[in-house]
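Numbers 1 to 251, taken from the UniProt record's numbering, label the letters of the sequence shown in order.
First up is the structure itself, then whatever we jot down about it.
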Amino acid sequence: MGRCDKILTGHTQSVTCVKWGGDGLLYSSSQDRTIKVWRSQDGVLCRTLQGHAHWVNTMALSTDYVLRTGAFEPAEATINPQDVSGSLAELKEKARQRYEKVRGSGPERLVSGSDDFTLFLWKPAEDKKPLERMTGHQALINQVLFSPDTRIIASASFDKSIKLWDGRTGKYLTALRGHVAAVYQIAWSADSRLLVSGSSDSTLKVWDAESKKLAIDLPGHADEVFATDWSPDGQRVASGGKDKCLRIWRR
1 MGRCDKILTG HTQSVTCVKW GGDGLLYSSS QDRTIKVWRS QDGVLCRTLQ GHAHWVNTMA
61 LSTDYVLRTG AFEPAEATIN PQDVSGSLAE LKEKARQRYE KVRGSGPERL VSGSDDFTLF
121 LWKPAEDKKP LERMTGHQAL INQVLFSPDT RIIASASFDK SIKLWDGRTG KYLTALRGHV
181 AAVYQIAWSA DSRLLVSGSS DSTLKVWDAE SKKLAIDLPG HADEVFATDW SPDGQRVASG
241 GKDKCLRIWR R
């Protein structure tokens, strides 16, 4: 670290999101309406994914959660204390096994969200054509996120709703409605059972993924909530926004 190793060129407008994948690939989205898939080892452009009619704002990988947590399984941490000791090779092998389990028999999947109100589901390691074009939002999409178990995709939008989609097919499941202004950010609990959303309406809301209903309403911020995240053990939520405060919420 400390020096630039490579410069990858190809986008014609601002880059909005970058993601490291688990199959030796690097993904980038742009205001040029494309997603580019690069070979991370040498920076070679593998393919360009096209379909969106406006800026691509956000991307998520089906493997995001397992890549973030590595050898550690946060969903089990509060039930069974985990021993994360061991050699680097052992931890790498455990992380690889977790990754392979999540990935399954096919490559990792990518979902993208755009200013054009749509999402696309891709298998970018295999094909430049999308698996599914996902429509239903009535305004731009701020964030997309796979659940840790990869079964559900959640999308947050300026249309005041969160929509849930099948994580394998991209088929529409339901809309979570309750916010009265734009939804900026969402986060899944480690066990994939709960989803928290932060909104311009100054509230957070916790949704039950199984019943698809509002579980908890969390007022308290004095202004718009721009950011939220779930703790790795699933016991607490952090949020921050325009009122300059961070709030920690406990289950």
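All residues carry an ideal CB built from backbone N, CA and C; glycine is no exception.
A quick note: this is a predicted structure, and the numbers were derived from the prediction, not measured.
When beta bridges are read from the DSSP output, Thr48 appears opposite Lys36. Within the model, the alpha-carbon separation for Asn142 versus Asp42 is close to 31 angstroms. Burial is judged here by how many other beta carbons sit within 10 angstroms of a residue's own beta carbon; Ser14 has fewer than 16 and is exposed.
DSSP places Gln143 inside the beta strand (DSSP E), whose first and last residues are 141-146.
The continuous beta strand (DSSP E) containing Arg133 extends over residues 132-134.
With 16 or more other Cβ atoms from the protein chains shown falling within 10 Å of its own Cβ, Trp122 counts as buried. Excluding its 5 nearest sequence neighbours in each direction, Asp208 has C-beta neighbours in its own chain below 6 angstroms: Ala215, listed in chain order. In this structure, the alpha-carbon of Ser202 lies about 36 angstroms from that of His11. One Cα belongs to Gln138, the other to Leu119, and the distance between them is close to 12 angstroms. Pairing Met134 with Ile248, the inter-Cα distance amounts to about 34 angstroms. With 16 or more other CB atoms across the displayed protein chains lying within 10 angstroms of its CB, Glu108 is buried. Beta bridge pairing from DSSP links Ala53 with no other residue. For Ser239, the enclosing beta strand (DSSP E) starts and ends at 236-241. Residue pairing of Cys17 in beta bridges, as defined by DSSP: Ser29. Runs of the alpha helix (DSSP H) lying entirely within the UniProt repeat "WD" (176-217) and spanning at least 4 residues: none are present.
Per DSSP, reduced to three states, the secondary structure at Leu110 is strand.
The residues Ala181, Ala182, Tyr184, Glu224, in chain order, have a CB closer than 7 angstroms to that of Ser200 in the same chain once the five nearest residues on each side in sequence are set aside. Less than 9 angstroms divides the Cβ of Gln31 from the Cβ of Thr16. Non-local beta-carbon contacts of Gln50 in its own chain, meaning distances under 6 angstroms to residues more than five positions away in sequence, involve Thr34 in chain order. Comparing alpha-carbon positions, the option among Leu67, Lys129, Arg251, Arg3 lying closest to Gly234 turns out to be Arg251. Sorting Lys205, Gly22, Arg3, Pro124 by C-alpha distance to the C-alpha of Leu218 places Lys205 at the top. Assignment of Asp229 by DSSP, reduced to helix, strand and coil, places it in the strand class. Closest in alpha carbon position to Leu145, among Ile162, Leu131, Ser239, is Ile162.
If you draw a straight line from the Cα of Ser114 to the Cα of Arg3, it is about 32 angstroms long.
As the crow flies, the alpha-carbon of Asp149 is around 34 angstroms from that of Lys6.
With contacts defined by Cβ atoms closer than 9 angstroms, Val56 and Gly22 do not form a contacting pair.
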